[in-house]
Structures are given as C-alpha cells and as structure tokens.
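Chains as they are written, first to last, in this note's numbering: chain A, 54 to 254; chain X, 501 to 728.
A virtual CB, placed ideally from N, CA and C, is assigned to each residue, including glycine.
Reviewing the structure listed below.
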C-alpha cells in the first residue's frame, strides 16, 4: 500500500527538507479531505481536520518506525482525528446532522414552499440526489458508516479496514453488509430506486 | 437466509474478495438462488447510490514552512549549536562570561569562618582608602618606646627586690655564724678543762706504767746487750 514516492519524501523530510513534507502533504490532502468530508459531512470541519492531521504528521513523523506503513498510519490518525472532532462537536451541539432529518420532514418543508403534493421524482430531486444520499448515510450508525466510507470511497481491502479499525474482519464484513442494506431501506423510504440512481450516474 | 451462503460470503463476492474457488462455487450457485441475487441487487443499488454523492474539491493547499529560528540561534558558537548541544553550548558561554569578567574586575574568595565562597564582579574598581604611613610609624615607635620603658622598669624592680631578699638572708646567715662560733668556743673551753683535769691522773698512771715497763722488760735486755 505504501508508495515508493511517499517513502522517499518521508526520508527527505526527516533529513530536514520541509519542501518534501509539503509535497507529501499535497499528495495526501485531497484523499484525507474527501475521507474527512465523508465522515464529518461538513467542508469546513473536514478542512480543519485535515489541517490537524497534517500538523500531527509533521510533528510525529520522526516517530514512525517504518515509512512503509505510512499509509495506514496517516489513515489511523485521520480516523482518530475525525472521531475526536465528532465527539467535541456533539458536546457543543454544533454538527448539522444532530438535527433529525427525515424524508417526511424535508418533504413537508418543501411541500409547504411549493404549495402542492410532490411526485415521487420531484421528492427525490427536491434536493440534489447527492445530498439525499449523504443524508441517508448520515443516519447510519457510526460503525457502519465508517466501514462503508472506507470500502466504497477509499477502496480498502477488508483486512486493511479490520486492522485500521482494530476489529475482526468478519465484523467489518457484517457491518458493511448491514450498513448497505440499511442504506437501501432508507433509500426506498425516500423513493430513490435503481432507476433514479442510474439516471443520475 | 435459506441458502448456505452467509452475508460475509455475499459481501466478499460483491467486492471481489472471494478466492477463485469460492467465487466459482458461488457463481454456480447464484443462478438457482433468487434470494442471493436479490441481495446482490440491493447491495448494488446501495453501492451505486453512494457514487452519486460527490465530495467537494479541496481548493487549498496546506503549506508547511520551516519553524522560525529561535532568537538564541543567532548567538550560537560555530562549534556548538545551542539546539544540538544545549549543555555544551551553555557551559561554553558561561565559561566565556567568566573569562571576560575576570579580565575586567573579578574577585573570588573563600571565607573560612563562615565557609562562604565569595565571587564578586564589578565593572569599576572601588576607590581604595588612602593609608597614612607616617601616623602608623609614629604610633609604632611610641609603642616600642613604651615597651622599652616598661622592660627597664621591670628589670629595676626585679633588682631591688632581689637585693632586698639577699641582704635579709645574709644578715640571718651572719647571725647564725656568730651563734655557731660561740657554741664552738664554749665546746672547746669545756673540753679543755675536762682534759686538764683528766691529764694529771692519767699522766701519773702512765708514768708509773712506763717506769714499770722499763724496769721489767727493757732494762734487763739492755744490760745483757751491754754485757755482751
């Protein structure tokens, strides 16, 4: 998983070249940002998290014994950072999806604005489909959501997810299965079916 | 689930993480199992739906710069940098300070009574009090004079005392001698008178004895010799 370029950049940085660290950060910032965004579902929070992660990497990279393991190490940091962020956000009641979003409540709000009953297609499109998917994902339990993000968006193998989350591999699989099935049910409730999705894609 | 395949296998198949043999077996099973196909369909829908949600682009670049050099880094000695050898560098600078101060005005001492180690430094020397040497010499001389006077006085006193003591003893001695002579004279006179008294009788006795001796012993011998 570790990239040869990463290893070279890490070695150069540890030899005192800050430019190498910047190149390393640029290689990773998009990936980490997308991951953090999908976990936290807020652009600013994700930026803040990525920044915190990169600062931690900058500080503690010299403690990383094996540069080959950089990839899983940086994901480990990112996961922890996201979880910490979520915890503090929950404490401060800041996060957007602590408010209960349901298909009904959103539909009701939309209907009152438009002034008539929505057709199923309209209901699905009243927000962009992507936002609805995001909302649906947001309503899954954290343990299922993180597995879905790591598998679907980051393309990790099950073994890697198991190692990063420190859970048995079969737990990862069943969480992913349950998560996707749960997702499917919620989509059905929102009248989003296969056709709507394929249209969008 | 009515068929033998667990959800773990289905999910493995869905994400193409089944081994080749397991995959083949599952694919053979699939056409005959509606339930598995339905589940895969649902997974497919959910998985596809996730692709719809796009993450925004990150329009910034995080840039790290070298930490700003701390202020003391300007004062590093070429040989030792404070950051790399903090102990050596600080020890060296302390030593350098001591050297400089010792060049200016550096005093160090040890008080034996209080057992204090004293280090004093100052940029300017303290004005020293002027010493009046003539006064000191005068004082010294007067003390010396006093001492000499005292010593002569002592010696004189001692002489007088000794003379007095000796004369008293001499007088006593003379007295004793006179007494002794008187006693000697007395003793001699008495012994003379007793001797005088004794001698008359003794002489008579002796004379008689001598005559007797001569008559009895000496005279016959002489006569015989004459005769011969």
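Segment limits, alpha helix (DSSP H) that includes residue i
{"i": "residue 110/A", "result": "96 to 113"}
{"i": "residue 200/A", "result": "195 to 201"}
{"i": "residue 207/A", "result": "It is not in any alpha helix (DSSP H) - residue 207/A carries neither H nor E in the DSSP assignment."}
{"i": "residue 548/X", "result": "534 to 552"}
{"i": "residue 88/A", "result": "71 to 93"}
{"i": "residue 185/A", "result": "182 to 191"}
{"i": "residue 248/A", "result": "247 to 253"}
{"i": "residue 521/X", "result": "520 to 529"}
{"i": "residue 557/X", "result": "Run containing residue 557/X: none; DSSP gives neither H nor E here."}
{"i": "residue 226/A", "result": "222 to 242"}
{"i": "residue 697/X", "result": "633 to 713"}
{"i": "residue 64/A", "result": "57 to 67"}
{"i": "residue 513/X", "result": "507 to 514"}
Beta carbon proximity, residue i to chain X, threshold 9 Å
{"i": "residue 133/A", "result": "no"}
{"i": "residue 148/A", "result": "Bear in mind that the predicted position of residue 148/A carries a pLDDT of just 44, short of 50, making it unreliable; the figure below should be weighed with that in mind. By this cut-off, residue 148/A is not an interface position."}
{"i": "residue 151/A", "result": "Residue placement at residue 151/A cannot be trusted, given a pLDDT of 42 that sits under 50; the coordinates are not used to answer."}
{"i": "residue 118/A", "result": "no"}
{"i": "residue 215/A", "result": "no"}
{"i": "residue 204/A", "result": "yes"}
{"i": "residue 62/A", "result": "no"}
{"i": "residue 57/A", "result": "no"}
{"i": "residue 210/A", "result": "yes"}
{"i": "residue 183/A", "result": "yes"}
{"i": "residue 103/A", "result": "yes"}
{"i": "residue 122/A", "result": "no"}
{"i": "residue 83/A", "result": "yes"}
{"i": "residue 237/A", "result": "yes"}
{"i": "residue 113/A", "result": "no"}
{"i": "residue 240/A", "result": "yes"}
{"i": "residue 140/A", "result": "no"}
{"i": "residue 207/A", "result": "no"}
{"i": "residue 190/A", "result": "yes"}
{"i": "residue 233/A", "result": "yes"}
Per-residue contacts from residue i into chain X (C-beta, under 8 Å)
{"i": "residue 74/A", "result": "564"}
{"i": "residue 201/A", "result": "550"}
{"i": "residue 71/A", "result": "564, 565 and 566"}
{"i": "residue 186/A", "result": "549, 550, 552 and 553"}
{"i": "residue 107/A", "result": "562 and 564"}
{"i": "residue 218/A", "result": "Residues of chain X passing the Cβ test: none, with the nearest at roughly 16 Å."}
Test: residue i CB closer than 9 Å to a CB of chain A
{"i": "residue 547/X", "result": "yes"}
{"i": "residue 558/X", "result": "yes"}
{"i": "residue 535/X", "result": "no"}
{"i": "residue 515/X", "result": "yes"}
{"i": "residue 542/X", "result": "yes"}
{"i": "residue 539/X", "result": "yes"}
{"i": "residue 608/X", "result": "no"}
Contacts of residue i in chain A (Cβ-Cβ under 8 Å)
{"i": "residue 523/X", "result": "The premise fails here: residue 523/X is roughly 15 Å from chain A at the closest Cβ pair, so nothing lies under 8 Å."}
{"i": "residue 508/X", "result": "223, 226, 227 and 230"}
{"i": "residue 512/X", "result": "211 and 226"}
Interface partners of residue i on chain X, CB under 9 Å
{"i": "residue 250/A", "result": "545, 548, 549, 551 and 552"}
{"i": "residue 197/A", "result": "The premise fails here: residue 197/A is roughly 11 Å from chain X at the closest Cβ pair, so nothing lies under 9 Å."}
{"i": "residue 97/A", "result": "Residues of chain X passing the Cβ test: none, with the nearest at roughly 11 Å."}
Per-residue contacts from residue i into chain X (C-beta, under 7 Å)
{"i": "residue 126/A", "result": "What residue 126/A touches in chain X: nothing, since even the nearest Cβ is about 18 Å away."}
{"i": "residue 247/A", "result": "545"}
{"i": "residue 78/A", "result": "562 and 564"}
{"i": "residue 253/A", "result": "552"}
Neighbour-count burial assignment, residue i, 16 or more Cβ in a 10 Å radius
{"i": "residue 135/A", "result": "buried"}
{"i": "residue 98/A", "result": "buried"}
{"i": "residue 658/X", "result": "exposed"}
{"i": "residue 661/X", "result": "exposed"}
{"i": "residue 260/A", "result": "Only positions 54 to 254 of chain A appear in this structure, which leaves residue 260/A out of reach."}
{"i": "residue 78/A", "result": "buried"}
{"i": "residue 235/A", "result": "buried"}
{"i": "residue 513/X", "result": "buried"}
{"i": "residue 119/A", "result": "exposed"}
{"i": "residue 501/X", "result": "At residue 501/X, the pLDDT of 47 sits below 50, so the modelled position is not reliable; the number obtained from the coordinates is stated separately. By the neighbour-count rule (16 or more Cβ atoms within 10 Å), residue 501/X is not buried but exposed."}
{"i": "residue 587/X", "result": "exposed"}
{"i": "residue 59/A", "result": "buried"}
{"i": "residue 655/X", "result": "exposed"}
{"i": "residue 589/X", "result": "buried"}
{"i": "residue 198/A", "result": "buried"}
{"i": "residue 299/A", "result": "Lying before the first or after the last residue shown, residue 299/A is absent from chain A, which here runs from 54 to 254."}
{"i": "residue 699/X", "result": "exposed"}
Amino acids of chain A, ordered along the chain, whose beta-carbon sits closer than 7 Å to that of residue i
{"i": "residue 555/X", "result": "87, 90 and 91"}
Sequence ranges, beta strand (DSSP E) only - wholly within the stretch 117 to 141 of chain A, length at least 3: As far as the stretch 117 to 141 of chain A is concerned, it has no whole beta strand (DSSP E) run of at least 3 residues.
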